[in-house]
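If you read the sequence shown in the numbering used here, its first letter stands for residue 62, the second for the next number, and so on.
The beta carbon of each residue, even a glycine, is placed where N, CA and C say it ideally should be.
Since we're looking at a predicted model, the values are computed, not measured.
First up is the structure itself, then whatever we jot down about it.
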Amino acid sequence: TATHANREECQGWQETEVMMPSTRTTKRYRVEDLEEAAQRLRDGAAIAFPTDTVYGLGANALDPTAIARVFEAKGRPQDNPLIVHVSDPTKLQRVAANVPEIARSLIAAYWPGPLTLLLPKSNSLPPSVTAGLSTVAVRMPSDPIALELIRRADVPIVAPSANLSGRPSATTWEAVVEDLDGRIDGVVCGPATRIGVESTVLDVLHEPPRLLRHGAISLQTLQPILPEIIDASHGSEAGHGATPPSPGMKHRHNQPKARVEIWDGADREGAANHDKGSRRGWIGVEAPPASVGYAKVVVCANADDYAAQLYETFRRMDQAEIDVIDCQAVPRHGIGAAIMDRLERASSRA
Ligand code: AMP
Ligand code: MG
Numbered sequence: 062t063a064t065h066a067n068r069e070e071c072q073g074w075q076e077t078e079v080m081m082p083s084t085r086t087t088k089r090y091r092v093e094d095l096e097e098a099a100q101r102l103r104d105g106a107a108i109a110f111p112t113d114t115v116y117g118l119g120a121n122a123l124d125p126t127a128i129a130r131v132f133e134a135k136g137r138p139q140d141n142p143l144i145v146h147v148s149d150p151t152k153l154q155r156v157a158a159n160v161p162e163i164a165r166s167l168i169a170a171y172w173p174g175p176l177t178l179l180l181p182k183s184n185s186l187p188p189s190v191t192a193g194l195s196t197v198a199v200r201m202p203s204d205p206i207a208l209e210l211i212r213r214a215d216v217p218i219v220a221p222s223a224n225l226s227g228r229p230s231a232t233t234w235e236a237v238v239e240d241l242d243g244r245i246d247g248v249v250c251g252p253a254t255r256i257g258v259e260s261t262v263l264d265v266l267h268e269p270p271r272l273l274r275h276g277a278i279s280l281q282t283l284q285p286i287l288p289e290i291i292d293a294s295h296g297s298e299a300g301h302g303a304t305p306p307s308p309g310m311k312h313r314h315n316q317p318k319a320r321v322e323i324w325d326g327a328d329r330e331g332a333a334n335h336d337k338g339s340r341r342g343w344i345g346v347e348a349p350p351a352s353v354g355y356a357k358v359v360v361c362a363n364a365d366d367y368a369a370q371l372y373e374t375f376r377r378m379d380q381a382e383i384d385v386i387d388c389q390a391v392p393r394h395g396i397g398a399a400i401m402d403r404l405e406r407a408s409s410r411a
């Protein structure tokens with residue numbers, strides 16, 4: 062099958078780029094059977110599960126061996142810190158040294174939901190979780206499966222996106238299996254994720270507050286609570302010398318094997334005529350230009366649907382051996398800013 066063929070390709074990719082053996086048995090958990098998954102998580106296993114944003118690779122945030130397992134399974138650079146997930150704001154004291162007033166207001170307004178906040182790190186959290194930083198990134202997801210699993214595990218749970226580092230994030234359990242089968246202990250086989258792009262990351266410890274990563278909670282949404290907020294998602298504007306405000310921003314992200322091109326509406330046919338021999342795919346909120354022959358077309362209902370379908374489309378296009386994916390540009394407001402950010406990262410081969 063196509064899935065099987067693609068899995069073999071992915072393993073070839075792992076061998077050259079990650080060089081890790083895949084020897085674990087990855088158990089499939091039904092969403093009705095969360096108790097066993099929760100117990101194993103608490104005991105140090107690495108188990109993927111759905112959240113409101115993308116599938117996360119969960120592990121006990123208080124267990125350094127479990128944390129190491131997450132970095133190893135993903136092939137994630139050690140200097141890229143993890144987001145800690147809690148089932149309830151009252152559980153923050155196990156993770157954060159304190160919760161500033163402004164963070165409390167944001168938690169009251171947006172949790173559970175796709176908003177990650179930086180807080181001063183608690184000493185009880187292993188340094189590997191935060192890659193040695195003095196701050197910890199935390200959120201409470203709104204997905205009922207995620208919340209139930211974390212609540213039952215009864216420990217804070219790190220959950221970076223459940224994909225091989227550099228590959229598109231997984232928004233279905235099948236995508237988790239495609240990347241991580243044999244490398245992790247389990248996967249909770251829930252539905253496709255609702256939002257489809259990673260959480261908004263916000264640093265309110267900094268003056269002025271800064272947005273470190275675009276997500277479903279947009280800059281415009283946050284402005285009434287944080288009128289001074291700046292967009293530091295590109296890393297250089299933050300004015301902190303050579304240190305990027307969020308280490309993950311410098312790493313390769315969400316790249317399919319196909320080349321990603323952003324279509325802003327200008328000279329569509331002209332650009333496509335450049336490489337006539339390539340198999341092209343299209344994703345956008347409108348139908349593609351009829352004059353360009355597309356081998357695979359995904360037309361989304363609106364920007365929210367675009368975000369929800371983006372990563373799965375990247376994976377499907379790779380399975381269909383598309384060479385170039387034309388991704389329609391969208392206005393940078395609401396979820397559109399997150400879509401454009403992910404497209405820009407996916408299209409840069411630097
Ligand atoms: P992922 O878990 O793959 O969604 O990536 C987590 C993102 O959060 C990365 O971009 C990290 O750099 C960022 N992040 C996590 N912890 C911190 C922190 N303490 N300070 C700044 N950024 C962080
Ligand atoms: Mg990720």
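- In this structure, the ligand AMP has a non-hydrogen atom nearer than 7 Å to the beta-carbon of residue 197.
- In the structure shown, the three-state DSSP call for residue 213 is helix.
- The C-alpha of residue 213 is placed about 27 Å away from the C-alpha of residue 263.
- By the CB criterion at 8 Å, residue 399 and residue 258 fall inside the cutoff.
- With 16 or more other CB atoms across the displayed protein chains lying within 10 angstroms of its CB, residue 146 is buried.
- When the five nearest sequence neighbours on each side are left out, the beta carbons in the same chain lying within less than 8 Å of the beta carbon of residue 87 are those of 238, 241, 242, 243, 244, 245, 246, 247, 248, in order along the chain.
- In the DSSP assignment, residue 178 falls within the unbroken beta strand (DSSP E) covering 176 to 181.
- No residue range can be given for residue 265, since it is assigned to no beta strand (DSSP E) and is classified by DSSP as neither H nor E.
- The ligand MG has no heavy atom closer than 7 Å to the beta-carbon of residue 405.
- Here residue 387 is bridged, per DSSP, to 322, 343.
- Residue 292 carries a strand assignment under DSSP once its states are collapsed to helix, strand and coil.
- With a cut-off of 8 Å on Cβ pairs, the region 353 to 372 is not in contact with the region 280 to 292, counting fewer than three such pairs.
- The criterion of a C-beta distance shorter than 8 Å is satisfied by residue 378 and residue 319.
- Its chain contains 115, 222, 224, 259, 315, 372 as the residues whose beta carbon lies nearer than 7 Å to that of residue 230, once the 5 sequence neighbours on both sides are disregarded; these appear in chain order.
- In the DSSP secondary-structure assignment, residue 360 is bridged to 345.
- Note on geometry: alpha-carbon atoms of residue 117 and residue 131 lie some 10 Å from one another.
- Membership of residue 398 in the alpha helix (DSSP H) is indicated by the continuous run 396 to 408.
- Here residue 159 is exposed: its Cβ has fewer than 16 other Cβ atoms, across all protein chains shown, within 10 Å.
- Within the same chain, Cβ atoms closer than 7 Å to the Cβ of residue 232 are found at 115, 116, 253, 254, 257, 372, 373, the five residues on either side in sequence being excluded.
- Within the same chain, 190, 219, 221 come within 6 Å of residue 143 by CB-CB distance, once the 5 residues on both sides are set aside.
- Residue state for residue 228 is assigned as coil, using DSSP reduced to three classes.
- Distances taken from the Cβ of residue 189 to the heavy atoms of the ligand AMP include none shorter than 7 Å.
- Residue 117 has 110, 222 as its beta-bridge partners, per DSSP.
- Residue 165 and residue 349 have their alpha carbons spaced roughly 45 Å apart.
- Per DSSP, reduced to three states, the secondary structure at residue 197 is strand.
- Nearest Cα to residue 338 within the set 384, 368, 375, 351: 384.
- DSSP links residue 144 through a beta bridge to 198.
- When rounded, the separation of the alpha-carbon atoms in residue 235 and residue 381 is 16 Å.
- In this structure, the beta-carbon distance from residue 187 to residue 285 does not fall below 8 Å.
- Around the beta carbon of residue 89, a 10 Å sphere encloses fewer than 16 other beta carbons of the protein chains shown; the residue is thus reported as exposed.
- Taking C-beta atoms under 8 Å as the contact rule, residue 309 and residue 175 fail to qualify, at a distance of about 16 Å.
- The beta carbon of residue 157 is closer than 8 Å to those of 180, 181, 182, 183, 197, 199 in its chain, skipping five residues each way along the sequence.
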